[in-house]
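Undergrad: Got a structure for you, questions after.
There are 2 protein chains.
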Amino acid sequence: MLRSRNKETRMDVGARRTEAYFAFVEAGSLLQQLMEDQLRRDANISYLQFFLLARLHQAPEGRLRMTDLADSTVHSRSGLTYQAGRLEQAGLIERVPAPDDDRSVMAVITDTGRDTYARALPGHLDVVDQGMFSALDDTQLDALAGSLTAIRDRLRDLTPSAAARRRKRD
Amino acid sequence: MLRSRNKETRMDVGARRTEAYFAFVEAGSLLQQLMEDQLRRDANISYLQFFLLARLHQAPEGRLRMTDLADSTVHSRSGLTYQAGRLEQAGLIERVPAPDDDRSVMAVITDTGRDTYARALPGHLDVVDQGMFSALDDTQLDALAGSLTAIRDRLRDLTPSAAARRRKRD
DNA sequence: TATTGTTATACTCTATAACTATA
DNA sequence: TATAGTTATAGAGTATAACAATA
């Protein structure tokens, strides 16, 4: 038998799953709420806008094709057009023609955009540290990182790519 | 020294945190997407509506005061009024006067509501099993449940109650 | 023919403040 | 005075389909 621990220290697997599932869902919801509040307070941007800025900030020369940016999020292209419009209006990004393909548009993070990202980041990491990591010791943190990574990879496999979803719709 | 493992098997704590954070955020986003799709497909309800039904299904006599239902979610009362209207229109809940307090309204799940919940649940648990738990062994699952519970409790402490938020606004 | 990005449009959802009624 | 719930309203966000330009 692999079930070595007794009832006191080892819950039934089904109950454990239910517990983990509800904790995951609730923790995700609470964390997102705290993050939205912090980002709105510190930089007046939404969570999604923060991640679009992060993607561009990390990208070579701070630029990505619109479609690639859309594919790295859950967004439809029209949804990204909307968000890009808001970010451009706020001066955080610019849209410029792509040099190699005249159909494409590159989204480029501006200096103001990088400043805004830099202003939002420390408080953001604080929220993550206080909300997630201060509750765990190093061993737990290691295990959590490993499990979450495995789960994320599994979910990636289960999720069709944005391009595939688009093809299916059209 | 507590840091017993070497560089090959033990990442820097900061990098581990970053990894865990991004995995958590992405996994949460992917899982939510899969859940929304499944619930829309199987029962034509949103994730939020599923959880409102779940709360009522579990409650004694299938009924809760509107304010209590609102407090158990991230919602403003007007937001819950909106969602309750949609659920009522779909025949999944009813609103009846509270017997003890003439200001209050009880939301009650209907038979149709319970049927809808029962129809959505198996596929929902399938998504959770396939997306989250099939990636882990029993030991990992135990550790994950413990860590997520600790994180959720920490986040609850950091999050002001809905009532407190309401008081602060008014 | 297929792809890129935008637009028009309609819909869902959320929050704030004002309001009614009850405690 | 405070609380419960609704409503009016306005705004943010999303998705679909149709479109123009380019590959």
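Sequence lines, in order, name chains A and B. Converting from the first sequence to the working numbering requires adding 9 to each position, the first position being numbered 1. Converting from the second sequence to the working numbering requires adding 9 to each position, the first position being numbered 1. For each residue, glycine too, the CB sits at the ideal point set by N, CA and C.
(1) Could you list which residues in chain A have their beta carbon closer than 9 Å to that of G132 (chain B), in chain order?
(2) By the three-class DSSP mapping on this structure, what secondary structure does M75 (chain A) have?
(3) Taking the straight line between their C-alpha atoms, what separation do you get for L96 (chain A) and G23 (chain A)?
(4) Suppose you measure from the CA of D124 (chain A) to the CA of T90 (chain B); what does that come to, to the nearest Å?
(5) Tell me whether V83 (chain A) sits in a helix, a strand or coil according to DSSP, three-state version.
(6) Which same chain residues end up closer than 7 Å to L145 (chain B) when comparing Cβ atoms and leaving out the 5 residues on each side of it in sequence?
(7) Quick check: what's the CA-CA separation for L164 (chain A) versus F33 (chain B)?
(8) Can you tell me which residues form a DSSP beta bridge with R104 (chain A)?
(9) Measure from the C-beta of Q58 (chain A) to each C-beta in chain B and report whether the shortest distance is under 8 Å.
(10) Quick one, are the C-beta atoms of L130 (chain B) and G140 (chain A) less than 8 Å apart?
(11) Is L65 (chain A) closer than 8 Å to L73 (chain A) when the C-beta atoms are compared?
(12) Assign A29 (chain B) to buried or exposed, taking buried as 16 or more other Cβ atoms, counted over all protein chains shown, within 10 Å of its Cβ.
(13) So which of B:G71, B:F59, B:E35, B:D51 has the shortest CA-CA distance to R104 (chain B)?
(14) Between the Cα of D46 (chain B) and those of B:Q67, B:L78, B:R25, B:H133, spot the shortest distance and give me the residue it belongs to.
(15) When burial is assigned at 16 or more other CB atoms within 10 Å of the CB, is Q58 (chain B) buried or exposed?
(16) Would you say A36 (chain B) and R161 (chain A) are within 8 Å of each other, going by their C-beta atoms?
(17) Which residues, in chain order, does the segment 147-174 of chain B contribute to contact with chain A at a C-beta distance below 8 Å?
TA: If we stick to the structure as given:
(1) Result: empty, since nearest Cβ-Cβ is about 14 Å, beyond 9 Å.
(2) helix
(3) 45 Å
(4) 40 Å
(5) coil
(6) L153
(7) 12 Å
(8) A:A116
(9) no
(10) no
(11) yes
(12) buried
(13) B:G71
(14) B:H133
(15) buried
(16) yes
(17) D147, Q149, L150, D151, A152, L153, A154, G155, S156, L157, T158, A159, I160, R161, D162, R163, L164, R165, L167, T168
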